[in-house]
Amino acid sequence: MKRDLAMSFSRVTEGAALAGYKWLGRGDKNAADGAAVEVMRSLLNKTEISGEIVIGEGEIDDAPMLYIGENVGIGGDAVDIAVDPIEGTRMTAMGQSNALAVLAAGEKGSFLKAPDMYMEKLVVGPGAKGVIDLELPLTENLENIAKSLGKTLDTLVVTTLAKPRHDQVIADMQAMGVRVFAVPDGDVAASILTCMPDSEVDVMYCIGGAPEGVVSAAVIRALDGDMHARLLPRHEVKGDTEENRKHGELELERCAEMGVTAGIVLKMEDMARSDNVVFSATGITKGDLLEGITRTGNIATTETLLIRGRCRTIRRIKSIHYLERKDPEVIGHIL
0 MKRDLAMSFS
10 RVTEGAALAG
20 YKWLGRGDKN
30 AADGAAVEVM
40 RSLLNKTEIS
50 GEIVIGEGEI
60 DDAPMLYIGE
70 NVGIGGDAVD
80 IAVDPIEGTR
90 MTAMGQSNAL
100 AVLAAGEKGS
110 FLKAPDMYME
120 KLVVGPGAKG
130 VIDLELPLTE
140 NLENIAKSLG
150 KTLDTLVVTT
160 LAKPRHDQVI
170 ADMQAMGVRV
180 FAVPDGDVAA
190 SILTCMPDSE
200 VDVMYCIGGA
210 PEGVVSAAVI
220 RALDGDMHAR
230 LLPRHEVKGD
240 TEENRKHGEL
250 ELERCAEMGV
260 TAGIVLKMED
270 MARSDNVVFS
280 ATGITKGDLL
290 EGITRTGNIA
300 TTETLLIRGR
310 CRTIRRIKSI
320 HYLERKDPEV
330 IGHIL
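Quick note: the sequence shown, position 223, residue 222 per numbering that gives the first Met the number 0, numbers continuous.
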């Protein structure tokens, strides 16, 4: 990929974040997501790429999506794109912290192609690279991670999602003496924090969305961390009801169609096959990773984290936007 594309992708996440921000605190997560999707699609279609969406979002919660297989761009480098137009739609709708607009791009064939379904994820930073194994119990993994980092268990910090499905896991980790930070949503940001030198987060473990998992794998590989994951059908996560089993069986059929197997451990290299990737995330609401958008009248300020994997360059970009000067097809979604 051309180096200049990195800045183009940062503009895409900035636009999506501004669109999501318009719906901040209004209680409608699908409207926020829909606006971000439309702006992200519009800006990608003005970018000098021959792009394909290989990881989209939306099917799990019936939200709008940039669909898998959608072609974007005006022509140029052939790239695969993984998107999460708003990571944290509920947080945006409720005015909570840590909502982001996220995109990862790589050369053709860079990313795992998988349905939008649940994924179990275990993520660590460079200091514990090579010691995780999702085939082992989580407690054993935490012991191995602590040993690799030269820490005692009572100084290990794990981030997870505050979901009922994690209640027992959280209790088990706390019984070991591990400190657990449970956040409402946002496992991409939590994953990145394992690799940031100024972060106290050592581990991210959760069952969340597959799109977020593939995006996380791309940026974790770029930052020299490590990650294991496995795809899980809905009925194994949400309960074995007739409706969930029917939905889960459809997910398994889609897995077979796409050549990926649910239930097996996927290593980071299975999900992100190259380090020649670009990752861009723009904060919508203030969080642990990025500042949120501030707006005075028609002037807004954004902060974006832009990472180029091959050279391992990390940039934080603060931008000031005169919103009335944006493209006509974007203005309606951000003003």
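Using N, Cα and C, we set each Cβ at its ideal position, and we do this for glycine too. Since the structure is predicted, the reported quantities are computational estimates derived from the model, not experimental observations.
Quiz item: DSSP state of glycine 14, grouped into three classes?
Solution: Within the sequence shown, numbered from 1, the residue matching residue 14 stands at position 15. Glycine 14 falls in the helix class under three-state DSSP.
Self-check item: Which residues DSSP lists as bridging methionine 226, in chain order
Solution: Within the sequence shown, the letter at position 227 stands for residue 226. The partner list for methionine 226 (beta bridge, DSSP) reads Val122.
Practice problem: Kindly list the residues whose CB is nearer than 6 Å to the CB of serine 7, restricted to its own chain and excluding five residues on each side of it in sequence; keep chain order. | Solution: Taking the first residue of the sequence shown as 1, we reach residue 7 at position 8. Only Thr46 meet the Cβ criterion.
Quiz item: Quick one: what's glycine 262 bridged to in DSSP?
Solution: Stepping through the sequence shown from its first residue, residue 262 is reached at position 263. Beta-bridge pairing links glycine 262 to no other residue.
Quiz item: Do glycine 282 and threonine 295 come within 8 Å of each other at the CB atom, strictly closer than that value?
Solution: By 1-based counting over the sequence shown, the position of residue 295 is 296. By 1-based counting over the sequence shown, the position of residue 282 is 283. Against a cut-off of 8 Å, the Cβ pair of glycine 282 and threonine 295 comes out as no contact.
Quiz prompt | Residue interval of the alpha helix (DSSP H) (run including methionine 116) | solution = Residue mapping note: residue 116 aligns to position 117 of the sequence shown, counting from 1. Where methionine 116 is concerned, there is no enclosing alpha helix (DSSP H), given that its DSSP letter is neither H nor E.
Quiz item: What is the C-beta distance between glycine 308 and aspartate 274, in whole angstroms, given that I count them as a contact (C-beta under 8 Å)?
Solution: Within the sequence shown, numbered from 1, the residue matching residue 308 stands at position 309. Within the sequence shown, numbered from 1, the residue matching residue 274 stands at position 275. Their Cβ separation, rounded to whole angstroms, is 4 Å, which keeps glycine 308 and aspartate 274 in contact under 8 Å.
Practice problem: Can you say whether glycine 331 is buried or exposed, counting buried as having 16 or more other CB atoms within 10 angstroms of its CB? | Solution: Against the sequence shown, residue 331 aligns to sequence position 332. It counts as exposed.
Self-check item: leucine 42 versus threonine 312: straight-line alpha-carbon distance, rounded
Solution: Your numbering for residue 42 matches position 43 in the sequence shown. Your numbering for residue 312 matches position 313 in the sequence shown. Going by the C-alpha atoms only, they are around 24 Å apart.
Quiz prompt | Which residues DSSP lists as bridging glycine 362, in chain order | solution = What is shown of the chain runs 0 to 334, which leaves residue 362 out entirely.
Quiz prompt | Which listed residue (Lys237, Met93 and Pro196) has its alpha carbon closest to that of asparagine 29 | solution = Working through the sequence shown from its first residue, we reach residue 29 at position 30. For asparagine 29, the nearest C-alpha among the options comes from Met93.
Exercise. Pull up the distance between the alpha-carbon of serine 140 and that of asparagine 243, whole angstroms please.
Key: One-based indexing of the sequence shown puts residue 140 at position 141. One-based indexing of the sequence shown puts residue 243 at position 244. Looking at the sequence shown, residue 140 is not serine but asparagine. Approximately 30 Å, taken between the alpha carbons.
Exercise. Tell me whether threonine 88 counts as near the ligand MG, meaning its Cβ is closer than 7 Å to at least one heavy atom of that ligand.
Key: Among the components modelled here there is no ligand, and therefore nothing to report on the ligand MG.
Quiz item: Of the choices Arg229, Val276, Arg272 and Leu322, whose alpha-carbon is the least far from that of proline 114?
Solution: The residue you call residue 114 lines up with position 115 of the sequence shown. Among Arg229, Val276, Arg272 and Leu322, the Cα nearest to that of proline 114 belongs to Arg229.
Quiz prompt | Residue interval of the beta strand (DSSP E) (run including glutamate 83) | solution = Your numbering for residue 83 matches position 84 in the sequence shown. According to the sequence displayed, residue 83 carries aspartate and not glutamate. It spans 76-86 - the beta strand (DSSP E) in which aspartate 83 sits, taken as one unbroken run.
Quiz prompt | Length-filtered (4 minimum) alpha helix (DSSP H) runs lying within the region 127-183 | solution = 137-148 and 166-174
Quiz item: Can you tell which of Thr91, Arg25 and Ile67 has the C-alpha that lies nearest to the C-alpha of phenylalanine 110?
Solution: As a working note, residue 110 is residue 111 in the sequence shown. Cα-wise, what sits closest to phenylalanine 110 is Ile67.
Quiz item: DSSP state of isoleucine 48, grouped into three classes?
Solution: Position 49 of the sequence shown, counting from 1, holds the residue named residue 48. Here isoleucine 48 sits in strand by DSSP.
Practice problem: Indicate whether at least one CB of chain D lies closer than 8 Å to the CB of glutamine 95. | Solution: No chain D is present in this structure, which holds just one protein chain.
Practice problem: Report yes or no: do three or more beta-carbon pairs, one from the region 66-82 and one from the region 191-208, lie closer than 8 Å? | Solution: no
Quiz item: When DSSP builds the beta bridges, which residues end up paired with asparagine 70?
Solution: As a working note, residue 70 is residue 71 in the sequence shown. Its beta-bridge partners are Glu51.
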